[in-house]
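Visitor:
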Amino acid sequence: MRVAALVASVALAAAAVVDNRVPITSLAVVPPFINKIGKVAFSDGSYCTGFTVGASRSISASDPTTRLYYGVNGVDVRVKSVHRQGEFWPGTVESYALLELEAPVGAVYGTLNLIGSPPCSILLAMPGTSLDVAAVQFAPMFPTVPAIQPHCSMNVLTILAVTHDCATSSVGSTGAPLLHSVTNGLSVETCVLALHQSSASTPSALQTSNTGAIAAAANAHLSHLMAQTKAPTQPTTTSPPEVPVNTPVATSSATTTPPPVADDDVTALPATAASGGGTGGSTNAIVYVCITAVVVVWLVVLGFMLRRRLQQRDELATPAAS
């Protein structure tokens, strides 16, 4: 009897858990961020969820397995390098990894804003706050098109950790973004508040007691990487060669090359570097030309005065006709 009662209670608890995830394409209005959610493939054949945060950058949950590809909107892009949380935040628990991609898929399909970047204020996720969020993820039941649960609850525990009741799977859901909409003037922006990490209970096919990591730490790391990439290089110029004193010289302005545009920032605009050029060499050449011109002018003046003096002497030496 006790065994039967225990089995019945377990079955009742399982029946009470409802999977509210649906294919994102089944919504009456497909949200624009569908093309910003991707699947990260690993070398062992497994996968997790990621999303695009830069022209050539995406983010996923931290995992020691080597990532091979990031697939978004049917396009697979090779991952060329991984920046782990510990590189920027030493001594912290690994909760995310920033992926550098070989192709700028973010420039084509767009990017998501992490909390901490305008207009996604860090004040949205203060400890003790409870928010309505949407979870978007890949899972065994949704292997090709991401699933979405439009409404679930997220509770902020600390400045780093959250819990949430969004339905997830033990395979594929890790790294899923927890999204929250923010009104920005006349527009509505989608913000990533946190990344799904794992189940707080025994692993099962369907999990609804989950932990997550606030995305603010990842945003600071991402901003640091983008600032490094966009750091301008000092333009180099070549000074003009030495010019002889008695040779006129025509100076031409040196051409400088503007710093390259960072490929990981969609809004970056090319900047034109101010033209510098070999100032010292050009100044010397101008001085030499001026000295030469002054000498020539004095020679002309002296020649004119000498000629006039000779004419006067000839006039004095010649007697007047009687």
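With mature numbering (1 follows the signal peptide of the UniProt record, and there is no 0) as the guide, the letters of the sequence shown map in order to residues -15 to -1, 1 to 307.
Where is the CB? At the ideal position from N, CA and C, for every residue including glycine.
These numbers come from a predicted model, not from an experiment.
Once DSSP output is grouped into helix, strand and coil, what is the label at asparagine 58?
Guide: For the purposes of this step, residue 58 is taken as residue 73 along the sequence shown, with counting starting at 1. Asparagine 58 falls in the coil class under three-state DSSP.
Visitor: If you pair each beta-carbon of the region 77 to 95 with each one of the region 25 to 37, do three or more pairs fall below 8 Å?
Guide: With a cut-off of 8 Å, the region 25 to 37 and the region 77 to 95 count as touching, because enough Cβ pairs lie within range.
Visitor: Closest by CA to proline 89, which one among Pro104, Thr129, Val62?
Guide: Your numbering for residue 89 matches position 104 in the sequence shown. Ranking Pro104, Thr129, Val62 by Cα distance to proline 89 puts Val62 first.
Visitor: Ignoring anything shorter than 3 residues or poking outside the region 30 to 104, list the beta strand (DSSP E) runs there in chain order.
Guide: If we require 3 residues or more, the beta strand (DSSP E) runs fully inside the region 30 to 104 come out as 32 to 39, 42 to 45, 52 to 57, 60 to 69, 82 to 86.
Visitor: For glutamine 182, count the other beta carbons within 10 Å of its own beta carbon; 16 or more makes it buried, fewer makes it exposed. Which is it?
Guide: Reading the sequence shown from its first residue, position 197 is the one you call residue 182. It is buried - the Cβ of glutamine 182 has at least 16 other Cβ atoms within 10 Å.
Visitor: Please classify asparagine 98 as buried or exposed, where buried requires at least 16 other C-beta atoms within 10 Å of its C-beta.
Guide: Looking up residue 98 in the sequence shown gives position 113. The residue is buried, with at least 16 neighbouring Cβ atoms inside 10 Å.
Visitor: Thinking C-alpha only, which one of Pro125, His136, Thr96, Gly197 is nearest glycine 157?
Guide: What you label residue 157 is simply residue 172 of the sequence shown in a count that begins at 1. If we check each option's Cα against that of glycine 157, Pro125 comes out closest.
Visitor: If I follow the unbroken beta strand (DSSP E) through leucine 178, where does it start and stop?
Guide: Counting from 1 along the sequence shown, the entry for residue 178 is found at position 193. Run containing leucine 178: 172 to 184, per the beta strand (DSSP E) assignment.
Visitor: Report all residues from its chain with a CB closer than 6 Å to the CB of proline 135; omit the five preceding and five following residues, and keep chain order.
Guide: What you label residue 135 is simply residue 150 of the sequence shown in a count that begins at 1. So the qualifying residues of the chain are Ala119.
Visitor: Can we say the region 174 to 181 touches the region 196 to 208, given the rule of at least three CB pairs closer than 8 Å?
Guide: A contact exists between the region 174 to 181 and the region 196 to 208.
Visitor: Count Cβ pairs between the region 98 to 113 and the region 49 to 68 that sit closer than 8 Å; are there 3 or more?
Guide: As far as the Cβ criterion goes, the region 98 to 113 does not touch the region 49 to 68, which means the pair count is below three.
Visitor: By Cβ distance, which residues of its chain are closer than 6 Å to aspartate 4, with the 5 residues on each side in sequence left out?
Guide: Here residue 4 refers to the residue found at position 19 when the sequence shown is read from its first residue. Cβ within range, chain order: Ala152, Leu191.
Visitor: Does the distance from the CB of valine 141 to the CB of threonine 114 come in under 7 Å?
Guide: As a first step, residue 141 must be located in the sequence shown, where it is residue number 156. As a first step, residue 114 must be located in the sequence shown, where it is residue number 129. Yes, Cβ-Cβ distance for valine 141 and threonine 114 is below 7 Å.
Visitor: In or out: asparagine 204 buried (at least 16 other Cβ within 10 Å) or exposed?
Guide: Position 219 of the sequence shown, counted from the start, is the residue given in the question as residue 204. Under this definition asparagine 204 is a buried residue.
Visitor: One question on the structure: do threonine 10 and lysine 21 come within less than 7 Å of each other, judged by their Cβ atoms?
Guide: The count along the sequence shown starts at 1 and reaches residue 10 at position 25. The count along the sequence shown starts at 1 and reaches residue 21 at position 36. The answer is no: Cβ separation not under 7 Å.
Visitor: From this set, Asn58, Tyr94, Cys33, Ser102, which residue's C-alpha is nearest glutamate 46's C-alpha?
Guide: For this step, residue 46 is matched to residue 61 along the sequence shown. For the sequence presented, residue 46 should be read as alanine rather than glutamate. Checking every option, the nearest Cα to that of alanine 46 belongs to Cys33.
Visitor: Can you check DSSP and say which residues form a bridge with methionine 139?
Guide: Residue numbering aside, residue 139 sits at position 154 when the sequence shown is read from its first letter. Note: methionine 139 sits in a beta bridge opposite Leu116, His149.
Visitor: So threonine 10 is in the alpha helix (DSSP H); what residue range does that whole segment cover?
Guide: The residue you call residue 10 lines up with position 25 of the sequence shown. Here threonine 10 belongs to no alpha helix (DSSP H), and DSSP marks it neither H nor E.
Visitor: Look up leucine 108 in the DSSP assignment and say whether it is helix, strand or coil.
Guide: The count along the sequence shown starts at 1 and reaches residue 108 at position 123. Helix, per DSSP.
Visitor: On a Cα-Cα basis, can you pick out the residue from Asp48, Ala40, Ile19, Thr96 that is closest to aspartate 29?
Guide: Within the sequence shown, numbered from 1, the residue matching residue 29 stands at position 44. That would be Asp48, whose Cα lies nearest to the Cα of aspartate 29.
Visitor: Which residues mark the beginning and the end of the alpha helix (DSSP H) in which serine 208 is found?
Guide: Here the question's residue 208 lines up with position 223 in the sequence shown. 201 to 215 is the extent of the alpha helix (DSSP H) around serine 208.
Visitor: Would you tell me roughly how many angstroms separate the C-alpha atoms of serine 106 and valine 173, rounded to the nearest one?
Guide: Within the sequence shown, numbered from 1, the residue matching residue 106 stands at position 121. Within the sequence shown, numbered from 1, the residue matching residue 173 stands at position 188. Computed Cα separation, rounded: 14 Å.
Visitor: What is the DSSP secondary structure of aspartate 4, reduced to helix, strand or coil?
Guide: Position 19 of the sequence shown holds residue 4. Coil at aspartate 4, not helix or strand.
Visitor: Measuring only the C-alpha atoms, how far is threonine 77 from alanine 13?
Guide: The sequence position of residue 77 within the sequence shown is 92, counting from 1. The sequence position of residue 13 within the sequence shown is 28, counting from 1. Looking at the two C-alpha atoms, the distance is approximately 41 Å.
Visitor: Does lysine 65 come within less than 7 Å of chain E when only Cβ atoms are used?
Guide: The displayed structure is made up of one protein chain only, and chain E is not part of it.
Visitor: At which residues does the beta strand (DSSP E) containing valine 167 begin and terminate?
Guide: Numbered from 1 along the sequence shown, position 182 holds the residue referred to as residue 167. Here the beta strand (DSSP E) through valine 167 covers 162 to 169.
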